[in-house]
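Under this note's numbering, the letters of the sequence shown match residues 79 to 187, in that order. Don't be surprised by glycine CBs; every beta carbon is placed ideally from N, CA and C. Comments concern the structure below.
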Amino acid sequence: MKTIIRLTDMQFFAYHGVLEQETKVGNNYVVNICMTADLSKACETDNVEDTINYALVYDLVKHEMEQPSKLLEHVAMRIYKAIRDSFPQITTMEVRLAKLNPPINGEVK
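What follows is the structure in structure tokens.
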């Protein structure tokens with residue numbers, strides 16, 4: 079059975095960015111993960127070992143967000159790899175990472 083699992087609006091404070099100020103002052107970030115997997119076994123067994131453990135996914139994201147990087151693309155790929163390595167049953171996954179107050183001249187959502 080194809081199942082979609084979403085973890086949305088995970089909030090983090092981290093030190094990512096190209097500018098020196100970003101790496102010293104930090105910023106707020108939001109991470110959204112959408113995963114698709116066949117979780118038929120978990121539906122039958124009711125065992126957390128047979129599914130995607132949301133708490134572990136959150137911990138993996140948190141760990142990667144704590145590692146300073148210049149590029150958000152790099153952080154997003156590390157998050158992607160960490161989750162895929164831990165849960166090989168995932169068939170598709172999307173990682174969305176947003177810096178809430180990027181250092182640009184203008185308002186961005």
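Would residue i pass as a contact of residue j if the rule is Cβ separation under 8 Å?
| i | j | result |
| --- | --- | --- |
| Ala154 | Ile130 | no |
| Val126 | Met88 | no |
| Tyr93 | Pro166 | no |
Thinking C-alpha only, which one of the options is nearest residue i?
| i | options | result |
| --- | --- | --- |
| Leu85 | Val103, Pro181, Val96, Val109 | Val109 |
| Lys177 | Thr169, Pro166, Lys148 | Lys148 |
| Val173 | Leu117, Gly95, Leu97, Met143 | Met143 |
I'd like to confirm the pairing. Which residues does DSSP put opposite residue i in its beta bridges?
| i | result |
| --- | --- |
| Gln89 | Val108 |
| Ile168 | Ala115 |
On the three-state DSSP scale, how would you describe residue i?
| i | result |
| --- | --- |
| Ile82 | strand |
| Glu142 | helix |
| Val103 | helix |
Quiz item: With contact counted as at least three CB pairs below 8 Å, one residue from each stretch, are the region 96-111 and the region 173-187 in contact?
Solution: yes
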